[in-house]
Amino acid sequence: AQTVTQSQPEMSVQEAETVTLSCTYDTSESDYYLFWYKQPPSRQMILVIRQEAYKQQNATENRFSVNFQKAAKSFSLKISDSQLGDAAMYFCAYRSAWGYTGANSKLTFGKGITLSVRP
Amino acid sequence: NAGVTQTPKFQVLKTGQSMTLQCAQDMNHNSMYWYRQDPGMGLRLIYYSASEGTTDKGEVPNGYNVSRLNKREFSLRLESAAPSQTSVYFCASSSLGEGSYEQYFGPGTRLTVT
C-alpha cells in the first residue's frame, strides 16, 4: 500500500516571500500521479498542481511549482511571491497510474500542512 | 455546471440516529468517492464506486453504507451514528481513462454526533 507523509504540521511565511512545503511518499509502483490540493477556510478542496511520475520536468502553475525527486520519493511544493490568499491547509496526494479502474484512481492523502501568511 | 454537490452542509445528530448524506455530480464521471476528514488525519477513503452498480470499501468503511443510485448520485448512510463519526465528509468524482487524473470535490458536510 502507498503512504504519503507530510511531516511539518504548520508553516508560516511572510507575504511576498517564498515557501516550500515538503511531502514524501512510499510506493513500489513506477508510474503514478502526485497532487497538491489546497483547502482554504471555506473547506473546498482545490487542485493546485499535478505531476506525472513519468515526466522528468517539474510541473509549474503560475506561482506554484514542484520539486519532484522520483528516486528520493520526494514531492515538495514551492509557492513564490506568497499572498494572503495562499493561507490554507495543503495536502499532498498520490494516485496510481496503473489501469483505469476505480480502485486505481483512489487518492491517498498526507495529513496536511497548515500554511499561514504574515502581512 | 454545478460540479459536485453535497447535502446537507451541516448536520447534528444524536448517538444512535441515522442519516443519509447525498452527493451528485453533473460531469458524467464514472467513479465517485466518499472521504472523511479529521484533524491531523488528512482525508481517508470510506467507500468508492468505480462505476454505476459497483461499490467497494476504502480504508475506513465500518459504520457506513453506500448506494450508487445511478451514474450521477452516490449516497452515504450512517445507520446508527456514533460520536466517533463526528467529521467532515467529502464526496468526490473522477472520470476514468487515459488522461483523466483529477478528482473533483464537493463542498463537504460537517457532521457532529453528540
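For the protein sequence lines, the chains are A and B, in the order given. Take the first sequence: its position 108, counted from the start at 1, is 108 in my numbering, and no numbers get skipped. Take the second sequence: its position 108, counted from the start at 1, is 227 in my numbering, and no numbers get skipped. Where is the CB? At the ideal position from N, CA and C, for every residue including glycine.
Asked	Found
Along the segment 156-169 of chain B, where does the CB come closer than 7 Å to a CB of chain A? Name the residues.	Gly-159, Met-160, Gly-161, Leu-162, Leu-164, Tyr-167, Ser-168 and Ala-169
Under 7 Å, do B:Gln-141 and B:Ser-194 count as touching if we go by C-beta distance?	yes
So the candidates are B:Thr-174, B:Tyr-223, B:His-148 and B:Glu-192; which of them puts its Cα closest to the Cα of B:Asn-184?	B:Thr-174
The beta strand (DSSP E) spanning B:Asn-184 covers which residue range?	184-187
Any beta-carbon of chain B closer than 7 Å to the one on A:Met-11?	no
Against chain B, does A:Tyr-33 count as a neighbour if the rule is that its beta carbon must be under 7 Å from one of theirs?	yes
Taking only beta-carbon positions, decide if B:Gly-172 is within less than 7 Å of chain A.	no
Our contact map puts B:Gln-125 next to B:Gly-227 with C-beta atoms below 8 Å; I'd like the distance itself, whole angstroms only.	7 Å
By the three-class DSSP mapping on this structure, what secondary structure does A:Leu-84 have?	helix
Could you tell me whether the Cβ of A:Gly-110 comes closer than 7 Å to any Cβ of chain B?	yes
Taking 7 Å as the CB-CB cut-off, is B:Phe-129 touching chain A?	no
Sorted by chain position, which residues of the same chain lie with C-beta nearer than 6 Å to A:Ser-74's C-beta, five sequence neighbours on each side aside?	Thr-24
Determine the direct distance from the alpha carbon of B:Ala-169 to that of A:Arg-63, and round the result to whole angstroms.	34 Å
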